[in-house]
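Peer 1:
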Amino acid sequence: MMKKTYGILPRLFQRKQYSFILIATFMLGVQFIWAQNPLVRDQYTADPTARVFNDKIYVYPSHDIMCTEEKGRPGWFCMEDYHVFSSENLTEWKDHGEILNQKDVFWADDEGYSMWAPDCVEKDGKYYFYFPTKPKDTEGFTIGVAVGDNPEGPFTPQEKPIANVNGIDPNVFIDSDGQAYLYWSGRDIWVAKLKPNMLELASEPQIIANLPQEGHKEGPFVFERNGIYYLTYPHVENKTERLEYAMGDSPMGPFKVTGVIMDESPTGCWTNHHSILDYKDQWYLFYHHNDLSPDFDKNRSIRADSLSFNADGTIKKVIPTLRGIGINKASGKLQIDRYSAKSANAVLHFNNSQNTFEGWNIALNQNDWVQYNAVDFDKTYASLAMRVNATEKSQLQIVDTTKNTILAEIEIPGNTGWLEYEAALPQIEPAVYNLKVVLKAGEASIDWIRFKS
-19 MMKKTYGILP RLFQRKQYSF ILIATFMLGV QFIWAQNPLV RDQYTADPTA
31 RVFNDKIYVY PSHDIMCTEE KGRPGWFCME DYHVFSSENL TEWKDHGEIL
81 NQKDVFWADD EGYSMWAPDC VEKDGKYYFY FPTKPKDTEG FTIGVAVGDN
131 PEGPFTPQEK PIANVNGIDP NVFIDSDGQA YLYWSGRDIW VAKLKPNMLE
181 LASEPQIIAN LPQEGHKEGP FVFERNGIYY LTYPHVENKT ERLEYAMGDS
231 PMGPFKVTGV IMDESPTGCW TNHHSILDYK DQWYLFYHHN DLSPDFDKNR
281 SIRADSLSFN ADGTIKKVIP TLRGIGINKA SGKLQIDRYS AKSANAVLHF
331 NNSQNTFEGW NIALNQNDWV QYNAVDFDKT YASLAMRVNA TEKSQLQIVD
381 TTKNTILAEI EIPGNTGWLE YEAALPQIEP AVYNLKVVLK AGEASIDWIR
431 FKS
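End of the sequence shown = 433 in this note's numbering, gap-free, step of one.
Right, here's the structure in full:
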């Protein structure tokens, strides 16, 4: 039946011309980052504010680095600059490089290492980048603005911070009537109107009432949907931050505390910080976790997952995933360790525990499996490449779970280290597949797979 459906049933074990080709493994610098969750794997990123500009998603995170005796306060958060990342397809993320450094800001402490969670909005063709940091001559934090002509910068910081604002985590919401509001945190969550120039307050700051009084809260992010205004924020209800929200009829409240968007981290990452947006009729939650630094939660990495609503406008709780968002091209490196699902005994390992930016692999024993959803076979591919370490001769099966159909069967020779192999493929009809990689025999660890023309 399967043979009749697809025209060809893979028989790689019987056909000598489908033998493996050994390929030398080497690393190349790339402009695009192909990772799923976390979205960025070559540096630490946190506190993501995601925005849609010019039909692209731009993410403005903070940039964690390791503190030293010369930089910041060892054991604490340390941030000296900002990058911006963009994507049109949710799977390829371009790093536009540094857009602002603490040394660029005239009024800031250039050794403060406290360039914390930012935001960016567009108005009348200008882009306004809001950031908190420590000033030179006073205690605490204040919020500055840098202005640019493009969402990726360059941004020019204003000579002074916003007057009458003391705190962190700026968020700007522009309502349908054009009025802009600035939100920030500092013990409480505050709000004030902004003047049309987007650089000054147009009203006195006021505390948003009716929010939880016990437990730390910060990181406000406000959006509107179907006439409802949502105030979302991290809050320590127990031991670490979870993402909560309140609903209201006005950008300045009052808001009614309504529910939880994301539960506390199961691994104990103390912070979470987020943003929410609608992109091409799908809502997404951007947030962070300490994936690349599991033993130190001050070095974090940004993530994204889909978000949806109930009929009454309440938000359905988001369960964090490694697979994340977007449809991956079959021609890209599919990091199957960023799985949609896996068998109980399949185990993740860092490729290099001394340099976690090298990512993960997944170790499979006989009958273990890992599933990776939403892979676009946009054309016919002739071969499958993989980075694999098989301690003994192994057999791999690739299944389309939507139809429970075998797409390929592959034999992996035993080897003594990580190697890149390539095997010929039968014809696979173009479609979007949910792939399940099953180890039918042997023992193997897989870093990535990739389909080639």
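Backbone N, C-alpha and C fix where the C-beta goes; we use that ideal spot for every residue, glycine too.
Can you give me the Cβ contacts of D434 inside the same chain, cut-off strictly under 6 Å, excluding the 5 residues immediately before and after it?
Peer 2: Outside the displayed span of the chain (-19 to 433) sits residue 434, for which this structure offers no information.
Peer 1: When DSSP labels each residue in this structure, what does E338 get in the three-state scheme?
Peer 2: helix
Peer 1: Can you give the beta carbon distance from T113 to G124, rounded, assuming they're within the 8 Å contact cut?
Peer 2: At roughly 7 Å, the Cβ-Cβ gap stays under 8 Å, so T113 and G124 are in contact.
Peer 1: Reducing DSSP to helix, strand and coil, say where D84 ends up.
Peer 2: helix
Peer 1: Can you check the stretch 167 to 213 for any beta strand (DSSP E) of at least 3 residues that lies completely inside it and give the ranges in chain order?
Peer 2: 168 to 174, 201 to 205
Peer 1: Quick check on DSSP: helix, strand or coil for H76?
Peer 2: strand
Peer 1: Do L314 and I429 have their beta-carbon atoms positioned less than 8 Å apart in this structure?
Peer 2: yes
Peer 1: Would you report the Cα separation of E139 and F153, rounded to the nearest angstrom?
Peer 2: 23 Å
Peer 1: Measure the alpha-carbon distance for V145 versus S165 and round it to whole angstroms.
Peer 2: 10 Å
Peer 1: Which residue or residues does DSSP assign as beta-bridge partners of A26?
Peer 2: A26 is bridged to S42.
Peer 1: For a test of your reading of the model: does the CB of Y361 fall under 7 Å from any non-hydrogen atom of the ligand PLP? Yes or no.
Peer 2: The model depicted lacks the ligand PLP and carries no ligand whatsoever.
Peer 1: Please check the pair A503 and L162, which I expect to be a contact at CB under 8 Å, by giving their CB distance rounded to whole angstroms.
Peer 2: Residue 503 lies beyond the range of the chain shown here (-19 to 433); nothing can be said about it.
Peer 1: Go ahead and label M366 buried or exposed: buried means 16 or more other beta carbons lie within 10 angstroms of its beta carbon, across all protein chains shown.
Peer 2: buried
Peer 1: DSSP state of L387, grouped into three classes?
Peer 2: strand
Peer 1: Going by other Cβ atoms of all chains shown within 10 Å of its Cβ, with 16 needed for buried, is H63 buried or exposed?
Peer 2: buried
Peer 1: How close, in whole Å, do the beta carbons of L419 and Q346 come, if the pair is a contact with beta carbons under 8 Å?
Peer 2: 6 Å
Peer 1: Rounding to the nearest angstrom, what Cα-Cα distance links E198 and K416 in this structure?
Peer 2: Taking the straight line from one Cα to the other gives about 40 Å.
Peer 1: Using the Cα positions of G239 and E409, report the straight-line distance between them to the nearest angstrom.
Peer 2: 44 Å
Peer 1: The beta strand (DSSP E) with C58 in it runs from where to where?
Peer 2: No beta strand (DSSP E) holds C58; DSSP gives it neither H nor E.
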